[in-house]
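Undergrad:
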Amino acid sequence: MSQHAAITTIAKDAVDHLELALSYIEWFDSLSHAINCSLKEGSPQHAERLASVVQHLASDYRIALDSDVKSLNEELNTLDPRQ
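According to this note's numbering, the sequence shown is numbered sequentially starting from 45.
(1) Starting from S115, trace the alpha helix (DSSP H) both ways and give me its first and last residue.
(2) Between which two residues does the alpha helix (DSSP H) holding S46 run?
(3) Please state whether the Cβ-Cβ distance between L116 and I51 is less than 8 Å.
(4) How many Å lie between I107 and I69 at the Cα?
(5) A91 to A102, Cα distance in whole Å?
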């Protein structure tokens, strides 16, 4: 694969990861809305469970993003002749 094709593939992968990040942000927004509604309705147990879900999703996604960033950087570094 040419260097140009490899860079294009890496860029497309990065865009895919950003699109997924937007989805996660939308999910977090909806979950935070549900938490606020639960608190306003006097259902702190539901709010606590929803907050726990948010923490779990955020933690898992942070680990996945960290791995993706490292992987994309490694791919780019293999193409950089200055390294």
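Glycine included, each C-beta is placed from N, C-alpha and C at the ideal position.
Please read all numbers here as calculations on a predicted model, not as lab measurements.
TA: With the given structure in hand:
(1) Secondary structure note for S115: its alpha helix (DSSP H) is the uninterrupted segment 88-123.
(2) For S46, there is no enclosing alpha helix (DSSP H), as DSSP marks it with neither H nor E.
(3) Not closer than 8 Å, so no.
(4) Near 16 Å, if we compare the C-alpha coordinates of I69 and I107.
(5) The alpha-carbon atoms of A91 and A102 are separated by roughly 16 Å.
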